[in-house]
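Q:
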DNA sequence: GCCCAAGCGTTTACGTTGTAAATAGTCGTA
DNA sequence: TACGACTATTTACAACGTAAACGCTTGGGC
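Residue numbers (this note's numbering), protein chains in the order written: chain A, 10 to 258; chain B, 10 to 258.
#1: State the start and end residues of the unbroken alpha helix (DSSP H) segment that holds residue 159 of chain B.
#2: Determine, for residue 47 of chain B, whether the minimum Cβ-Cβ distance to residues of chain A falls below 7 Å.
#3: Report the neighbours of residue 174 of chain B on chain A: residues whose CB is nearer than 8 Å to its CB, in chain order.
#4: Whose C-alpha, out of B:63, B:67, B:76, is nearest the C-alpha of residue 42 of chain B?
#5: To which residues of the same chain is residue 225 of chain A closer than 6 Å at the C-beta, ignoring the five residues directly before and after it?
#6: For residue 229 of chain A, does the three-state DSSP call read helix, strand or coil?
#7: How is residue 207 of chain A classed by DSSP in three states: helix, strand or coil?
#8: Could you name the residues of the same chain whose beta carbon sits closer than 7 Å to that of residue 141 of chain A, not counting the 5 residues immediately before and after it, in chain order?
#9: Check residue 236 of chain A in the structure and name its three-state DSSP category.
#10: Beta-carbon of residue 65 of chain B versus every beta-carbon of chain A: anything under 7 Å?
#11: On the DSSP letters alone, give me the boundaries of the alpha helix (DSSP H) that residue 124 of chain B sits inside.
#12: Suppose the cutoff is 8 Å on Cβ atoms and the five residues either side in sequence are ignored; what does the same chain contact list for residue 145 of chain A look like?
#13: If you draw a straight line from the alpha carbon of residue 115 of chain A to that of residue 234 of chain A, how long is it in whole angstroms?
#14: Please tell me whether residue 238 of chain A has its Cβ less than 7 Å away from any Cβ of chain B.
#15: Any beta carbon from chain B within less than 7 Å of residue 28 of chain A's own beta carbon?
#16: Taking all protein chains shown into account, do 16 or more other C-beta atoms lie within 10 angstroms of the C-beta of residue 97 of chain A, making it buried, or fewer, making it exposed?
#17: Just checking my contact of residue 164 of chain B with residue 228 of chain A at CB under 8 Å: how many whole Å lie between their CB atoms?
#18: Using 10 angstroms around the beta-carbon of residue 103 of chain A, count the other beta-carbons present and answer buried if the total reaches 16, otherwise exposed.
#19: Label residue 94 of chain A either buried or exposed according to how many other C-beta atoms from any shown protein chain fall within 10 Å of its C-beta, with 16 as the threshold for buried.
#20: Comparing C-alpha positions only, which one of B:52, B:252, B:231 sits nearest to residue 148 of chain A?
#21: Buried or exposed for residue 106 of chain B, please, with buried defined as at least 16 other CB atoms from any protein chain shown within 10 angstroms of its CB.
#22: Report buried or exposed for residue 47 of chain B, applying the criterion of at least 16 other Cβ atoms within 10 angstroms of its Cβ.
#23: Any idea what DSSP makes of residue 9 of chain B, helix, strand or coil?
#24: If you measure between the beta carbons of residue 66 of chain A and residue 80 of chain A, is that distance less than 7 Å?
#25: On a Cα-Cα basis, can you pick out the residue from B:255, B:167, B:240 that is closest to residue 124 of chain B?
#26: Suppose you measure from the CA of residue 129 of chain A to the CA of residue 221 of chain B; what does that come to, to the nearest Å?
#27: Rounded to a whole number of angstroms, what is the C-alpha to C-alpha distance between residue 117 of chain A and residue 85 of chain A?
#28: Determine the chain B residues that contact residue 178 of chain A at a beta-carbon separation under 7 Å, and present them in chain order.
#29: Which runs of the beta strand (DSSP E) at least 3 residues long sit entirely within the segment 24–112 of chain B? Give them in chain order.
#30: Under a three-way DSSP split, which group does residue 18 of chain B fall into?
#31: Starting from the beta carbon of residue 94 of chain A, find every residue of chain B whose beta carbon is closer than 9 Å, and list them in chain order.
#32: Would the beta-carbon of residue 135 of chain A fall within 7 Å of that of residue 60 of chain A?
#33: Count the other CB atoms within 10 Å of the CB of residue 138 of chain B; is the residue buried (16 or more) or exposed (fewer)?
#34: With distance defined between alpha-carbon atoms, name the residue in B:52, B:72, B:122 nearest to residue 88 of chain B.
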């Protein structure tokens with residue numbers, strides 16, 4: 010196919026990040042076939058396939074072979090459903106062997122964690138905006154690394170590597186900004202690529218739409234090039250060296 | 010009040026960024042009182058006050074002293090309304106004198122532009138997630154600098170300063186990621202600060218909730234410190250030096 | 001075998017949303 | 001005065017989130 014495959018892309022690996030515990034949908038009615046995990050898994054795979062707007066309580070119900078109202082016995086409401094989905098997707102990190110390797114090298118840890126989250130983002134492009142914009146549990150919890158468990162282990166790791174409290178916190182915050190910016194833009198671009206376009210995509214400005222913008226017209230090929238993987242890598246390295254100089258202050 | 014005031018915060022300046030052309034709402038019924046600009050302005054100030062969930066066609070109508078269906082003569086539908094709001098808010102940049110100063114120094118230009126967008130984000134914290142996540146006009150248009158006019162002038166400016174096509178495009182993309190990550194996190198934290206909390210905010214984990222996370226409990230004061238302005242500044246400088254080394258390749 | 005409490009999913013119902021279609025009011029011009 | 005053209009209202013409908021009441025199944029004590 011292509012010379013190099015993006016190792017974080019779903020097709021680039023044996024789908025190690027897509028560890029959905031989802032029971033198969035429509036497993037027939039009857040009691041006992043429903044629980045919180047099944048519901049969240051179904052919701053996630055539904056959004057992965059059809060997008061966020063297609064996720065309604067009733068549609069999710071019928072996707073699971075059940076009436077919409079049945080979901081309310083396991084989930085307090087739609088917002089809680091969304092929060093639960095975000096939590097489940099973020100916790101896919103725990104199933105990622107590349108991330109879990111422990112290491113005394115904080116830079117190595119940072120790189121593996123970053124790629125782990127990138128893998129999640131690319132595996133669930135339609136869901137990532139939710140990860141980015143749902144109100145976090147506390148104002149000091151920053152997407153996308155928005156689980157208390159991961160925050161704790163992240164900060165622990167950096168303190169163990171000699172970072173001061175201040176520096177560890179700064180590292181968490183800088184890391185969050187970096188990931189959020191890069192991944193949100195990456196999935197939004199990719200979501201538009203494979204998004205809902207059957208026709209020649211009337212949303213995309215054709216060459217004729219750029220008449221007032223000669224430079225854009227000239228740069229369009231460059232702008233359309235997809236160097237996400239390389240850019241992500243080099244920005245990550247920039248962050249690492251920045252954190253190095255930030256060092257122990 | 011406080012030693013130093015954030016110059017990008019709405020209270021930090023004479024509200025120069027909040028140039029809403031909004032006609033006063035509820036200006037009485039009768040024909041001729043409605044047009045696209047009024048509608049978008051009303052929608053924006055409504056979201057600024059009550060949040061995105063409160064923005065409904067009918068509620069916006071009655072806010073403007075009109076029946077909800079009247080809006081459809083000027084706006085094709087709700088999605089187009091949201092897109093229009095995003096466009097209007099981004100175009101507030103054109104009314105910002107600090108940004109419009111021309112300069113042969115690309116770094117200076119970048120800094121002024123960055124602060125201009127930060128000002129917009131802080132002036133409309135509830136709206137910024139929309140700026141970040143609405144599908145752009147084309148996959149190669151990246152929020153938050155998502156208007157073709159601004160893209161054109163941004164790229165022009167960098168090319169005039171000696172950047173190659175490639176480097177100018179890379180600068181645009183790096184700039185976008187930087188802004189999106191920082192500003193989205195900043196407004197989300199601030200939105201939670203002044204958000205819908207009347208009681209002691211049950212959403213925020215109290216100290217007792219952090220029992221399983223001793224390090225978090227210990228670092229909570231540091232994590233809650235708001236150094237957004239300084240962090241933004243220093244990350245911006247990091248970006249500038251990065252673009253310098255990226256230079257002309 | 002019988003009953004009953006508990007748990008699960010369905011049914012019914014209500015208010016709200018986005019939006020299409022038909023309607024009525026207003027105003028400049030012929 | 002009559003007439004289009006705009007403009008805003010009214011009416012209508014399907015889909016949504018969710019509360020409340022309702023049956024159905026099931027397992028345990030007598």
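Every residue, glycine too, gets a C-beta built ideally from N, C-alpha and C.
For clarity, every value in this text was computed on a predicted model and none was experimentally measured.
A: From the atom records:
#1: Here residue 159 of chain B refers to the residue found at position 150 of the second chain. Counting along the chain, the alpha helix (DSSP H) containing residue 159 of chain B begins and ends at 157–169.
#2: Locating residue 47 of chain B in the second chain gives position 38, where the first residue counts as 1. It does not; no Cβ of chain A falls within 7 Å.
#3: Walking along the second chain from the start, residue 174 of chain B turns up at place 165. The answer, in chain order, is 227, 228, 231.
#4: On the second chain, residue 42 of chain B is found 33 positions in, with the first residue counted as 1. Checked all of B:63, B:67, B:76; the closest Cα to residue 42 of chain B is B:76.
#5: Reading the first chain from its first residue, position 216 is the one you call residue 225 of chain A. So the qualifying residues of the chain are 219.
#6: Your numbering for residue 229 of chain A matches position 220 in the first chain. Helix, per DSSP.
#7: For the purposes of this step, residue 207 of chain A is taken as residue 198 along the first chain, with counting starting at 1. Reliability fails at residue 207 of chain A, whose pLDDT of 41 lies under 50, so the model's placement of it is uncertain and no value is given.
#8: For this step, residue 141 of chain A is matched to residue 132 along the first chain. For residue 141 of chain A, same chain residues with a beta-carbon under 7 Å away, outside a window of 5 residues either side, are 152, 153, 189, 193 in chain order.
#9: The residue given as residue 236 of chain A occupies position 227 in the first chain. In this structure, residue 236 of chain A counts as coil in the three-state DSSP scheme.
#10: The sequence position of residue 65 of chain B within the second chain is 56, counting from 1. For residue 65 of chain B, the answer is no, since every Cβ of chain A falls outside 7 Å of its Cβ.
#11: Against the second chain, residue 124 of chain B aligns to sequence position 115. Segment 115–132, the alpha helix (DSSP H) holding residue 124 of chain B.
#12: Numbered from 1 along the first chain, position 136 holds the residue referred to as residue 145 of chain A. So the list reads 151, 152, 155, once near-sequence residues are dropped.
#13: Translated into the one-based positions of the first chain, residue 115 of chain A becomes position 106. Translated into the one-based positions of the first chain, residue 234 of chain A becomes position 225. One C-alpha to the other measures close to 32 Å.
#14: Working through the first chain from its first residue, we reach residue 238 of chain A at position 229. No, no contact with chain B.
#15: Counting from 1 along the first chain, the entry for residue 28 of chain A is found at position 19. At residue 28 of chain A the pLDDT is 49, less than 50, meaning the model places this residue with poor confidence; the figure from the coordinates comes in the next sentence. Chain B contact via Cβ: absent.
#16: Your numbering for residue 97 of chain A matches position 88 in the first chain. Buried, by the Cβ-count rule.
#17: Translated into positions along the second chain, residue 164 of chain B becomes position 155. Translated into positions along the first chain, residue 228 of chain A becomes position 219. Right, their Cβ atoms sit about 6 Å apart.
#18: The residue you call residue 103 of chain A lines up with position 94 of the first chain. Counting every other CB atom within 10 Å of its CB across the protein chains shown gives residue 103 of chain A a total below 16, marking it as exposed.
#19: Sequence index remark: in the first chain, residue 94 of chain A carries index 85 (1-based). It counts as buried.
#20: For the purposes of this step, residue 148 of chain A is identified with residue 139 of the first chain, where counting begins at 1. With distances taken between Cα atoms, residue 148 of chain A lies closest to B:231.
#21: Residue 106 of chain B sits at position 97 when you count from the first residue of the second chain. Classification for residue 106 of chain B: exposed.
#22: Sequence index remark: in the second chain, residue 47 of chain B carries index 38 (1-based). Buried, by the Cβ-count rule.
#23: Because chain B is modelled from 10 through 258, residue 9 of chain B falls outside the range shown and cannot be assessed.
#24: Numbered from 1 along the first chain, position 57 holds the residue referred to as residue 66 of chain A. Numbered from 1 along the first chain, position 71 holds the residue referred to as residue 80 of chain A. Yes, they are a contact pair.
#25: As a position in the second chain, residue 124 of chain B is number 115, starting the count at 1. Of B:255, B:167, B:240, the residue nearest in Cα terms is B:240.
#26: The sequence position of residue 129 of chain A within the first chain is 120, counting from 1. The sequence position of residue 221 of chain B within the second chain is 212, counting from 1. Roughly 26 Å between the two C-alpha positions.
#27: As a first step, residue 117 of chain A is located in the first chain; it is residue number 108 there, counting from the start. As a first step, residue 85 of chain A is located in the first chain; it is residue number 76 there, counting from the start. Cα-Cα distance, rounded: 40 Å.
#28: As a working note, residue 178 of chain A is residue 169 in the first chain. What residue 178 of chain A touches in chain B: 228, 231, 232.
#29: none
#30: Your numbering for residue 18 of chain B matches position 9 in the second chain. Of the three classes helix, strand and coil, the one that applies to residue 18 of chain B here is coil, per DSSP.
#31: Position 85 of the first chain, counting from 1, holds the residue named residue 94 of chain A. Taking a Cβ-Cβ cut-off of 9 Å, residue 94 of chain A has no neighbours in chain B, whose nearest Cβ is about 16 Å from it.
#32: In the first chain, counting from the first residue as 1, residue 135 of chain A sits at position 126. In the first chain, counting from the first residue as 1, residue 60 of chain A sits at position 51. Going by C-beta atoms, residue 135 of chain A is nearer than 7 Å to residue 60 of chain A.
#33: As a working mapping, residue 138 of chain B is identified with position 129 in the second chain. With 16 or more other Cβ atoms within 10 Å, it is buried.
#34: Stepping through the second chain from its first residue, residue 88 of chain B is reached at position 79. Ranking B:52, B:72, B:122 by Cα distance to residue 88 of chain B puts B:52 first.
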